[in-house]
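A.B. asks: Here the sequence shown is numbered in our numbering, starting from 1153 and rising by one per residue.
Cβ atoms here follow ideal geometry from the backbone N, Cα and C, with glycine treated the same way.
One structure follows; several queries about it will come next.
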Amino acid sequence: ACRRILEAKYKLGLFDDPYRYLSEERMKREVLTAQRRQASRDIAAHTFVLLKNSNQALPLKKSGTIGLIGPLANDKSNMLGTWAVSGDPQMSIPVLEGMKNVGGAGVNILYAKGANISDDTLFAKKVNVFGTRIDIDKRSTEEMLTEALNVANKSDVIVAVVGEASEMSGEAASRTDITIPESQRFLVKALSKTGKPLIVVVMTGRPLALTEENELATSLIVTWHAGIEAGNAIADVLFGSYN
């Protein structure tokens, strides 16, 4: 196995010059071009898994009012996932931006954070080892929930974006409990009690136990951590641009 790798490097000329294919000009010319971002968007949409769709709640209409709620609904830091070592999270498209891009002027999108990814400050410190992935809001949980319910009650349909921070899965990130964190489970339960159609979008880097969410959600979709074009790709699927 080692010999095959060394032979490939030899044929590529990397023993003569290990840096022969590196070029800052090529990087500027080719990395994150519009074409490559579109490819990322298309590939991401193909990876999503629709687990439930009661009453044909999806695709969403590009009209009316959508309540977009959840700690991962307007988040750039966690879109790339845990293995994007050299990626810049701040270049990611969050779901809120994607929903506005795809939904267009005919749909009114109201946003509220609703909850923290986790309320556990010690856990957040461990997860935030490579940068802020769990941002604990300065507001109380009650304040955030009240805002979320106000948004939900003004909306025709609710889209709740919940799940794991990127560093909650991957190497050295085993969990003893593979449900979504308690703060988000509480949010989903509260949103379900409004009686509005509830689309639950789950971001995760691993399989999760979603028994409760499956019972409460009208529709349930797993998007994993979908990369730099996550928000646009998720919106493409929610609005039916991609089936």
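Tell me which residue opens and which closes the alpha helix (DSSP H) that Ala1369 is part of.
C.D. replies: Taken as a continuous stretch (DSSP letters only), Ala1369 belongs to no alpha helix (DSSP H), as it is neither H nor E.
A.B. asks: Which residues does DSSP list as the beta-bridge partners of Pro1219?
C.D. replies: It is Gly, not Pro, that sits at residue 1219 in the sequence shown. Paired residues: Leu1262, Ile1310.
A.B. asks: Quick one: what does DSSP say Val1354 is sitting in, helix, strand or coil?
C.D. replies: Strand at Val1354.
A.B. asks: Does the beta-carbon of Glu1367 have 16 or more other beta-carbons within 10 angstroms, so that it is buried, or is it exposed?
C.D. replies: Per the 10 Å Cβ criterion, exposed.
A.B. asks: Kindly identify the DSSP beta-bridge partner or partners of Asn1205.
C.D. replies: Paired residues: Ser1371.
A.B. asks: For Gly1315, which residues does DSSP report across the bridge?
C.D. replies: Paired residues: Met1355.
A.B. asks: What's the gap between the Cα of Gln1208 and the Cα of Leu1164?
C.D. replies: Near 53 Å, if we compare the C-alpha coordinates of Leu1164 and Gln1208.
A.B. asks: Counting along the chain, where does the alpha helix (DSSP H) carrying Ser1192 start and finish?
C.D. replies: Unbroken alpha helix (DSSP H) run through Ser1192: 1186-1199.
A.B. asks: What are the start and end residues of the alpha helix (DSSP H) that includes Ala1236?
C.D. replies: Segment: none, Ala1236 is in no alpha helix (DSSP H) and carries neither H nor E.
A.B. asks: Rounding to the nearest angstrom, what Cα-Cα distance links Ala1387 and Gly1222 in this structure?
C.D. replies: C-alpha separation (whole angstroms): 15 Å.
A.B. asks: Evaluate the contact criterion for the segment 1257-1264 versus the segment 1293-1304: three or more CB pairs, one atom per stretch, below 8 Å.
C.D. replies: In short, these stretches touch, since the Cβ pair count reaches three.
A.B. asks: Quick check: the Cα distance between Ala1153 and Pro1170, rounded to an integer number of angstroms?
C.D. replies: The alpha-carbon atoms of Ala1153 and Pro1170 are separated by roughly 20 Å.
A.B. asks: Is Val1389 closer than 7 Å to Val1374 when the C-beta atoms are compared?
C.D. replies: For Val1374 and Val1389, no; Cβs fall outside 7 Å.
A.B. asks: Between the segment 1171-1181 and the segment 1354-1363, can you find at least three pairs of beta-carbon atoms closer than 8 Å?
C.D. replies: Too few Cβ pairs lie closer than 8 Å, so no.
A.B. asks: Roughly how many angstroms lie between the CA atoms of Ser1321 and Arg1156, to the nearest whole one?
C.D. replies: If you take the alpha carbons of Ser1321 and Arg1156, they lie about 31 Å apart.
A.B. asks: What's the gap between the Cα of Met1243 and the Cα of Val1281?
C.D. replies: Whole-angstrom Cα-Cα distance: 20 Å.
A.B. asks: Nearest by alpha-carbon distance to Arg1358: which of Lys1278, Glu1334, Trp1235, Tyr1394 is it?
C.D. replies: Closest by alpha carbon: Trp1235.
A.B. asks: Just verifying my parser: in three-state terms, what is the DSSP assignment at Val1183?
C.D. replies: Three-state result, Val1183: coil.
A.B. asks: Taking all protein chains shown into account, decide if Ile1195 is buried (16 or more other Cβ within 10 angstroms of its Cβ) or exposed.
C.D. replies: With fewer than 16 Cβ atoms within 10 Å of its Cβ, Ile1195 is classed as exposed.
A.B. asks: Apply the 10 Å Cβ neighbour rule to Asp1227 and answer buried if 16 or more other Cβ atoms are within range, or exposed otherwise.
C.D. replies: Result: buried.
A.B. asks: On a Cα-Cα basis, can you pick out the residue from Ala1317, Ser1292, Ile1330, Lys1341 that is closest to Ile1310?
C.D. replies: Cα-wise, what sits closest to Ile1310 is Lys1341.
A.B. asks: With a threshold of 16 other CB atoms inside 10 Å of the CB of His1198, please say whether the residue is buried or exposed.
C.D. replies: The residue in question, His1198, is exposed, as its Cβ has fewer than 16 Cβ neighbours within 10 Å.
A.B. asks: I'd like to know whether the C-beta of Gly1233 is nearer than 7 Å to at least one C-beta of chain B.
C.D. replies: Looking at the structure shown, chain B is missing, and only one protein chain is on hand.
A.B. asks: May I ask which residues mark the beginning and end of the alpha helix (DSSP H) holding Asn1384?
C.D. replies: Element bounds for Asn1384: 1382-1390.
A.B. asks: Can you find the residues in the same chain that come closer than 6 Å, C-beta to C-beta, to Asp1271, ignoring five residues on each side of it along the sequence?
C.D. replies: Taken in chain order, the residues that qualify are Ser1335.
A.B. asks: Return helix, strand or coil for Gly1347, following the three-state DSSP convention.
C.D. replies: In the structure shown, Gly1347 sits in coil (DSSP, three-state: anything other than H, G, I, E or B).
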